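First residue of the sequence shown? That's 1 in this note's numbering, and the numbers climb one at a time after it. C-beta atoms are modelled at their ideal positions from N, C-alpha and C, and glycine is treated no differently. All figures in this text were calculated on a predicted structure; none of them were measured in a lab. Everything on this sheet refers to the single structure shown next.
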Amino acid sequence: MVRSREKFPKEGEFIVGKVTDIHDQHVYVDLIDYEGLDTEDVARGMIHVSEISSRWVKNIRTHVRIGQRIVLRVLHVNPTKGHIDLSLRRVNSAQREVRMKEWKYALKYENLLQFLVDATDISLDDAYELIGFPILELFDSYQETIEELKENGEAILKDIKNVSEEVKKAFMQVIDENVEISTINIIGKIRISYTAENGIDLIKESLIDAKNVIKNPKETRKLSISYIAAPLYRLEIVSKDYLDAENILSEVLEVIEAKANKYEGTFEFIRD
């Protein structure tokens with residue numbers, strides 16, 4: 001079960017719930033990420049039949065089933081009584097996809113903490129309180145948290161207080177062994193030449209300027225330019241996001257083309 005520091009969700013929030021009971025006029029759902037009242041194992045919410053679908057609902061069971069995990073919008077929360085009103089019809093497909101994707105990253109994050117528990121003598125509660133929650137507060141999402149830990153884990157953990165170096169080292173090992181960040185590559189050839197006497201120097205300057213498009217390269221966001229045979233050079237761009245990679249490519253080509261135009265050079269990019 002993914003854990004939250006809050007016992008109840010906030011109104012307007014999108015949450016993942018598990019259908020537990022289905023009645024003629026309402027559905028009960030366990031909010032598996034929230035503790036709820038002290039007398040409950042988890043927080044529990046209700047979907048009224050009017051919030052199941054924007055169309056007339058003849059049979060609720062055609063829309064939800066027992067054990068199903070669904071994305072819901074929180075309409076109202078009474079933390080004193082533990083009452084939570086939820087809506088299924090107020091969640092569109094894009095919101096559902098984004099929330100479910102983030103929830104899967106939340107599960108992955110908890111699995112990483114559980115691996116840490118297995119490797120040390122701390123409990124899962126302590127893992128959340130000492131490391132899990134403090135790191136989460138630094139970022140906007142579980143996905144970003146996991147990816148930043150993979151890329152900059154040592155620097156992040158350095159600022160986490162009240163955790164032994166042994167535990168930090170163990171957590172970094174867990175991250176290194178269990179987190180892989182998928183990337184996409186854009187590969188192509190740059191054809192560049194100058195007729196000026198200092199043509200070789202101009203080519204070098206062009207390629208150096210192109211490499212400097214990415215100021216702080218890392219394994220998941222970088223570019224490389226290597227020599228093939230005059231006047232061809234191999235360009236490879238690595239990024240986590242296709243749109244970002246295309247933007248990098250555009251900037252690289254603009255830099256090279258600007259110098260080629262200024263010094264009467266010729267320039268071409270051939271995508272592999």
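Would you report the Cα separation of residue i and residue j, rounded to the nearest angstrom?
i, j, result
"I225", "D176", "28 angstroms"
"Y105", "Q143", "6 angstroms"
"A258", "A94", "40 angstroms"
"E254", "Y227", "20 angstroms"
"L243", "I187", "15 angstroms"
"T62", "A127", "41 angstroms"
"V167", "E35", "27 angstroms"
"E151", "L112", "15 angstroms"
"I60", "I190", "60 angstroms"
"L83", "R44", "Sequence inspection shows His at residue 83; the Leu mentioned does not correspond to that position. Cα-Cα distance, rounded: 7 angstroms."
"E165", "F133", "18 angstroms"
"F267", "R3", "55 angstroms"
"A230", "V252", "19 angstroms"
"V19", "V27", "7 angstroms"
"E13", "R90", "11 angstroms"
"I181", "H76", "37 angstroms"
"Q114", "E40", "23 angstroms"
"E102", "R96", "10 angstroms"
"L37", "N78", "11 angstroms"
"D241", "V174", "25 angstroms"
"E148", "T195", "46 angstroms"
"D201", "R234", "18 angstroms"
"G265", "K211", "19 angstroms"
"N198", "E246", "31 angstroms"
"R221", "Q68", "38 angstroms"
"Q25", "T183", "47 angstroms"
"M172", "R55", "50 angstroms"
So residue i is in the alpha helix (DSSP H); what residue range does that whole segment cover?
i, result
"I122", "Note, I122: premise wrong, no alpha helix (DSSP H); not H, not E."
How close, in whole Å, do the beta carbons of residue i and residue j come, if the pair is a contact with beta carbons under 8 angstroms?
i, j, result
"I15", "I66", "So it is not a contact: roughly 18 angstroms between Cβ atoms."
"N185", "V98", "Not a contact, Cβ separation roughly 25 angstroms."
"L116", "A170", "6 angstroms"
"T80", "Y109", "Between Y109 and T80 the Cβ distance is about 30 angstroms, and since that is not below 8 angstroms, they are no contact."
"I47", "L72", "7 angstroms"
"I248", "I270", "I248 to I270, Cβ: 17 angstroms. No contact."
"L86", "G17", "7 angstroms"
"V42", "V49", "With 8 angstroms as the limit, V42 and V49 do not qualify as a contact, their Cβ atoms being about 23 angstroms apart."
"A260", "I160", "Actually they do not touch by this definition, with Cβ atoms about 49 angstroms apart."
For the beta strand (DSSP E) that contains residue i, what are its first and last residues?
i, result
"S250", "Element bounds for S250: not the beta strand (DSSP E) but the alpha helix (DSSP H), Y242 to K262."
"A210", "Taken as a continuous stretch (DSSP letters only), A210 belongs to no beta strand (DSSP E), being part of the alpha helix (DSSP H) at G199 to K211."
"F139", "First-last for F139: undefined, no H or E at that position."
"L75", "R69 to N78"
"G17", "F14 to I22"
"H48", "A43 to H48"
"F8", "Element bounds for F8: n/a, residue is neither H nor E."
"R234", "L232 to S239"
"T39", "Counting along the chain, T39 falls outside any beta strand (DSSP E), and DSSP gives it neither H nor E."
"V57", "Careful: V57 lies outside any beta strand (DSSP E) and carries neither H nor E."
"R271", "G265 to R271"
"A229", "K222 to A229"
"Y28", "H26 to L31"
"I84", "H83 to S87"
Any contact of the stretch 114-123 with the stretch 136-146, i.e. 3+ C-beta pairs under 8 angstroms?
-> no
Where in the stretch 152-187 do unbroken runs of the alpha helix (DSSP H), each at least 4 residues long, occur, reported from the N-terminal end onward?
-> 165-178
Given 8 angstroms as the limit, is there contact between the stretch 3-11 and the stretch 27-45, that is, 3 or more CB pairs closer than that?
-> yes
Cβ contact check for the stretch 201-212 and the stretch 143-161: 3 or more pairs under 8 angstroms = no
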